[in-house]
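Numbering-wise (full-length UniProt numbering), the sequence shown opens with residue 1 and increments by one.
Heads up, the thing below is written out as structure tokens.
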Amino acid sequence: MPESLLTAIIALVAVVVGVRLGRRRARPRPASPDTQPDTPPVLFDDLPVGVFRSTLDGEHLLYANTSLAHLFGWPDAGAMIEGQTPRDLYASPTARDDILQRLQQAGEMTTDVIHLQRPGHAQRACILHLRIDNAMKTIEGWVMDVTELDHRKEGLRDAHRFLQNVVDALPCPLFFKDMNGAYTLFNHAFSDMLGLTPENLQGKNADDIAPPDLAAVYHSMDQALLDAKGPASQRYESAFTTPHGLRHVLFDKATVVDDEGTARGLVGIITDITGRKQAEDALRRVEARIRALVHNASDGFFSVTPEGYITESNPAMCKLLGLKVAPSSGERGELTCVAPDDDESSDANRAQNILNLPDMFAEGREAWDAALHRLGTGAPPAPFEVRVRRDDGQTVWLSLALWPVDSVPEEDGPPPAVEGMAHDITAHKLAEMDLTRRIVTDPLTGLFNRAHMEDMLPRMLTRAAEDGRTLGLLFIDLDGFKAVNDTYGHAVGDTLLQQVAGRLRRRLRHTDIAIRLGGDEFAVLLWDVAGKEAVERIGAGILSIMAPAFTCTDIPCSVSASIGASLYPQHADDAPSLLRLADEAMYRAKAEGKNRMAFAGPSRAGD
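See the structure below:
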């Protein structure tokens, strides 16, 4: 309830009670509790507020109406007069003395909200209107119960504090203006930006915080919003000087409307774009530097038609292709590449002998066409690798990246012009082909190694998520391997591991991947597995192939396997969690007696 309405109610009650008290003041009033009041009880019993008369010392209640009795849990006024000491109703021991002191000075007063309580009953928030009669040594007045209103007001204060905490947590300046343009709600970021304290900003408007020309702009923009019918929003840029210097900002404003669609104010968020503006200025300066860098770069840069004809390039591109540099027919003095024996004496010759880049690809135009198709779909550029056969007979590997001249094509299909970059990766490719096999495989067993699995598993999970597939992971630890290794030596142990790897290969599907993690630990990735039952069958098959004895350099040796299994997406959706769950399940299989398989615990769905 608004405080203005509460004030009006108090005033009305004061008038009504005052009139009735006035009637009874015309009659003589007893000054002793032994004398019954001559006021007819019915005069006040129909009032919704409590009315009372007590002795000045607060020891005796001379009169109480029914509303007052019920307020403090008495069955009727008579019971309250008989059993209640007025002084004992005050929750604070000193409250009555303080009020009495002020009342004796003023003669009549209305209190703020105070708390009254009949001992052993609930405390009530009340407002008292009191009048003292020193001659009769009495106090009379009325009591209004505002407990519910007090709770509501406290709830509103809590809600306002919470809202203020929420907006203060936002890093961007935020404000709310009422219909008069006054800032009634804002966060610390907004007041800090303006260099004002919240107290100095509260209730101010644009005229108080901005120069006249800017204030006029803000008023005009605000009015355009508020004049709109229903919800409306706007965005515009502005610049102003703050204690932190000149700031370029972006305003996002919207009207706040009530249930009937009537505007009650507007809310705004300010985004500081000073950095962006500075970047735009810097970009213009950088463009000239970039042109110089491209010309002198060691990587090739080029412009081509969608068909692959080179129309412009830097000297490095021509060198990569074994060609020579010649001026192009452009108006900016661009360069292009021509064959070493081309006659570059005329533009006509250069136009006829323009080179086609994808025609030089050793594997044909497929990679080029795929890259153009990707650009046509609006997908971001993706580098691709090609082998190029030069006219001098040499073969080089290039990493090419293409992008459209216009970032947003006018229509579907290949862009009208393409630019690109070429990087010589010949040495890298030769070394890569030699190292790949050693990097991804275990030298002892020929299986993939742990590093390759850690690289491969996240990618397989991504693909499984895209295709809606199920992925299984088996974590295998050999039972009894340490005894064989310790008894017969590492050479026999290595032979045993090689034979285990061979049996795994023969047992698995062509889509499954076997990995040696290290020591006597192996893992198996099961791609597109049907579910838990299928994994159980595969696990049982692995256990069965481990049963026959192995031949370790003419020495029969036996091992079994403890297997832990986890499934994507039933148990986890990331590689570390799947590995951890499978590892835990494997240790559980060992604890339960070895030579068995155990699944990870309950799935994420709780099954």
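Note that CB positions come from ideal geometry on N, CA and C, so glycine has one too.
All of these numbers come straight from a predicted model, not from anything done at the bench.
- Message: Which residue wins for smallest C-alpha separation from Leu-526, given the options Leu-517, Gly-519, Leu-508 and Gly-518?
- Response: Along the sequence shown, read from residue 1 onward, the residue named residue 526 stands at position 526. Taking each of Leu-517, Gly-519, Leu-508 and Gly-518 in turn and checking the Cα distance to Leu-526, the smallest one comes out for Leu-508.
- Message: So, under 8 Å CB-CB, His-248 and Glu-237 are touching, yes? Tell me the CB distance rounded to an integer number of Å.
- Response: Position 248 of the sequence shown, counted from the start, is the residue given in the question as residue 248. Position 237 of the sequence shown, counted from the start, is the residue given in the question as residue 237. The Cβ separation is near 7 Å, so the contact holds.
- Mind the definition here: the stretch 534-552 touches the stretch 485-502 only if three or more C-beta pairs lie below 8 Å; say whether that holds. Enough Cβ pairs lie closer than 8 Å, so yes.
- Buried or exposed: which applies to Ile-515, given that a residue is buried once 16 or more other Cβ atoms fall within 10 Å of its Cβ? For this step, residue 515 is matched to residue 515 along the sequence shown. It is buried - the Cβ of Ile-515 has at least 16 other Cβ atoms within 10 Å.
- Message: Rounding to the nearest angstrom, what Cα-Cα distance links Tyr-309 and Met-317 in this structure?
- Response: In the sequence shown, counting from the first residue as 1, residue 309 sits at position 309. In the sequence shown, counting from the first residue as 1, residue 317 sits at position 317. Answer to the nearest angstrom: the Cα atoms are 13 Å apart.
- Task: Tell me whether Gly-468 sits in a helix, a strand or coil according to DSSP, three-state version.
- Result: Taking the first residue of the sequence shown as position 1, residue 468 is located at position 468. Here Gly-468 sits in coil by DSSP.
- Lys-177 vs Leu-250 beta-carbon contact at 7 Å: In the sequence shown, residue 177 corresponds to position 177, counting from 1. In the sequence shown, residue 250 corresponds to position 250, counting from 1. Not closer than 7 Å, so no.
- Message: I'd like the list of long-range same chain contacts for Ile-273, defined as Cβ closer than 8 Å, with 5 residues on each side in sequence excluded.
- Response: Taking the sequence shown and counting its residues from 1, the one referred to as residue 273 is at position 273. So the list reads Glu-237, His-248, Val-249 and Leu-250, once near-sequence residues are dropped.
- Task: Might you give, ordered along the chain, the residues of its own chain that have their beta carbon closer than 6 Å to the beta carbon of Ser-345, omitting 5 neighbours on each side?
- Result: Position 345 of the sequence shown holds residue 345. In this prediction, Ser-345 scores a pLDDT of 46, lower than 50, which makes its location untrustworthy; no coordinate-derived value is stated.
- Would you identify the three-state DSSP class for Val-500, choosing helix, strand or coil? Position 500 of the sequence shown holds residue 500. Here Val-500 sits in helix by DSSP.
- Message: For Phe-599, report the span of its beta strand (DSSP E) as first-last.
- Response: The residue given as residue 599 occupies position 599 in the sequence shown. Note, Phe-599: beta strand (DSSP E), 596-599.
- Message: For Asn-485 and Ser-560, I'd like the C-alpha separation in whole angstroms.
- Response: Residue mapping note: residue 485 aligns to position 485 of the sequence shown, counting from 1. Residue mapping note: residue 560 aligns to position 560 of the sequence shown, counting from 1. Cα to Cα, the separation comes out at about 14 Å.
- Item | CB of Leu-473 within 7 Å of CB of Ile-563, strictly | Start at 1 with the first residue of the sequence shown, and residue 473 comes out as number 473. Start at 1 with the first residue of the sequence shown, and residue 563 comes out as number 563. The criterion of a C-beta distance shorter than 7 Å is not satisfied by Leu-473 and Ile-563.
- Query: What does DSSP give as the partner residues of Leu-398 in its beta bridges?
  - Reply: Taking the first residue of the sequence shown as 1, we reach residue 398 at position 398. In the DSSP assignment, the residues bridged to Leu-398 are Val-386 and Asp-424.
- Any contact of the stretch 72-89 with the stretch 107-122, i.e. 3+ C-beta pairs under 8 Å? By the Cβ criterion, the stretch 72-89 is in contact with the stretch 107-122, since at least three pairs of Cβ atoms, one from each stretch, lie closer than 8 Å.
- Glu-199 (DSSP reduced to helix, strand or coil): For the purposes of this step, residue 199 is taken as the residue at position 199 of the sequence shown. It is helical.
- Query: If you drop the 5 nearest sequence neighbours on each side, which residues of the same chain put their C-beta closer than 6 Å to that of Ala-417?
  - Reply: If you number the sequence shown from 1, residue 417 lands on position 417. Leaving aside the five residues that flank Ala-417 on each side, the residues in its chain whose CB is nearer than 6 Å to its CB run, in chain order, Val-405.
- Task: Give every residue of the same chain whose Cβ lies closer than 7 Å to the Cβ of Ala-382, excluding the five residues on either side of it in the sequence, and list them in chain order.
- Result: Your numbering for residue 382 matches position 382 in the sequence shown. Closer than 7 Å at the Cβ level, and outside the excluded window around Ala-382, lie Arg-374.
- Query: Can you give the Cα-Cα distance for Gly-78 and Phe-52, rounded to whole angstroms?
  - Reply: Walking along the sequence shown from the start, residue 78 turns up at place 78. Walking along the sequence shown from the start, residue 52 turns up at place 52. Straight-line spacing of the CA atoms in Gly-78 and Phe-52 works out to 12 Å.
- Just confirm the distance between the C-beta atoms of Thr-255 and Leu-226, as a whole number of angstroms; I'd bet it's less than 8 Å. The count along the sequence shown starts at 1 and reaches residue 255 at position 255. The count along the sequence shown starts at 1 and reaches residue 226 at position 226. For Thr-255 against Leu-226, the beta-carbon gap comes to about 6 Å, under 8 Å, which counts as contact.
- Message: At the level of alpha carbons, what is the spacing between Ala-464 and Val-386?
- Response: One-based indexing of the sequence shown puts residue 464 at position 464. One-based indexing of the sequence shown puts residue 386 at position 386. In a straight line, the C-alpha of Ala-464 is about 29 Å away from that of Val-386.
- Cα separation between Leu-103 and Thr-66? Locating residue 103 in the sequence shown gives position 103, counting from the first residue. Locating residue 66 in the sequence shown gives position 66, counting from the first residue. Taking the Cα positions, Leu-103 is about 25 Å away from Thr-66.
- Message: In whole angstroms, give me the CA-to-CA distance for Arg-235 and Lys-253.
- Response: Working through the sequence shown from its first residue, we reach residue 235 at position 235. Working through the sequence shown from its first residue, we reach residue 253 at position 253. Cα to Cα, Arg-235 sits roughly 6 Å from Lys-253.
- Closest to Asp-392 by CA distance: which of Gly-322, Gly-519 and Ala-210 is it? Position 392 of the sequence shown, counting from 1, holds the residue named residue 392. That would be Gly-322, whose Cα lies nearest to the Cα of Asp-392.
- Leu-185 beta carbon less than 7 Å from that of Ile-269: Taking the first residue of the sequence shown as position 1, residue 269 is located at position 269. Taking the first residue of the sequence shown as position 1, residue 185 is located at position 185. In this structure, Leu-185 does not lie closer than 7 Å to Ile-269 by Cβ.
- Task: For Thr-110, I'd like the list of residues in its chain whose CB is within less than 6 Å of its CB, leaving aside the five on either flank, ordered along the chain.
- Result: As a working note, residue 110 is residue 110 in the sequence shown. If you ignore the 5 residues before and after Thr-110, its C-beta comes within less than 6 Å of the C-beta of His-129, all in its own chain and listed in chain order.
- Identify which residue in Leu-246, Gly-245, Pro-211 and Glu-260 has its Cα closest to the Cα of Pro-231. As a position in the sequence shown, residue 231 is number 231, starting the count at 1. Comparing C-alpha distances from Pro-231 to each of Leu-246, Gly-245, Pro-211 and Glu-260 shows the shortest one belongs to Glu-260.
- Nearest neighbour of Ile-542, chosen from Leu-116, Leu-478 and Val-529 [CA to CA]: Counted from its first residue, the sequence shown places residue 542 at position 542. That would be Leu-478, whose Cα lies nearest to the Cα of Ile-542.
- Message: Taking the alpha carbon of Gly-601 as the reference point, which residue from Ala-572, Gly-593 and Ala-547 has its own alpha carbon closest?
- Response: As a first step, residue 601 is located in the sequence shown; it is residue number 601 there, counting from the start. For the residues Ala-572, Gly-593 and Ala-547, the minimum Cα distance to Gly-601 belongs to Ala-572.
- Beta-carbon gap between Asn-314 and Val-338 smaller than 7 Å: In the sequence shown, the residue the question calls residue 314 occupies position 314. In the sequence shown, the residue the question calls residue 338 occupies position 338. Cβ distance not < 7 Å, so Asn-314 and Val-338 don't count as in contact.
- Among Asp-281, Glu-592, Ile-555 and Ser-191, which residue has its Cα nearest to the Cα of His-244? Residue 244 sits at position 244 when you count from the first residue of the sequence shown. In terms of CA proximity to His-244, Ser-191 leads the group Asp-281, Glu-592, Ile-555 and Ser-191.
- Message: Looking at the strands, I want to know which residues DSSP matches up with Val-325.
- Response: Against the sequence shown, residue 325 aligns to sequence position 325. Within the DSSP bridge table, the entry for Val-325 names Cys-337 as partners.
- Query: Taking C-alpha atoms, which residue in Leu-517, Gly-519 and Ile-513 lies nearest to Ile-538?
  - Reply: Walking along the sequence shown from the start, residue 538 turns up at place 538. It is Ile-513 whose Cα lies nearest to the Cα of Ile-538.
- Task: Counting only runs of 4+ residues fully inside the UniProt domain "PAS" (159-228), write out the alpha helix (DSSP H) ranges in chain order.
- Result: List check, alpha helix (DSSP H) in window: 188-194, 198-201, 206-209 and 212-226.
- Can you tell which of Lys-324, Glu-140 and Met-144 has the C-alpha that lies nearest to the C-alpha of Leu-56? Along the sequence shown, read from residue 1 onward, the residue named residue 56 stands at position 56. Relative to Leu-56, the option among Lys-324, Glu-140 and Met-144 whose CA is nearest is Glu-140.
- Item | N-terminal and C-terminal residue of the beta strand (DSSP E) that Leu-130 is part of | Locating residue 130 in the sequence shown gives position 130, where the first residue counts as 1. Counting along the chain, the beta strand (DSSP E) containing Leu-130 begins and ends at 124-133.
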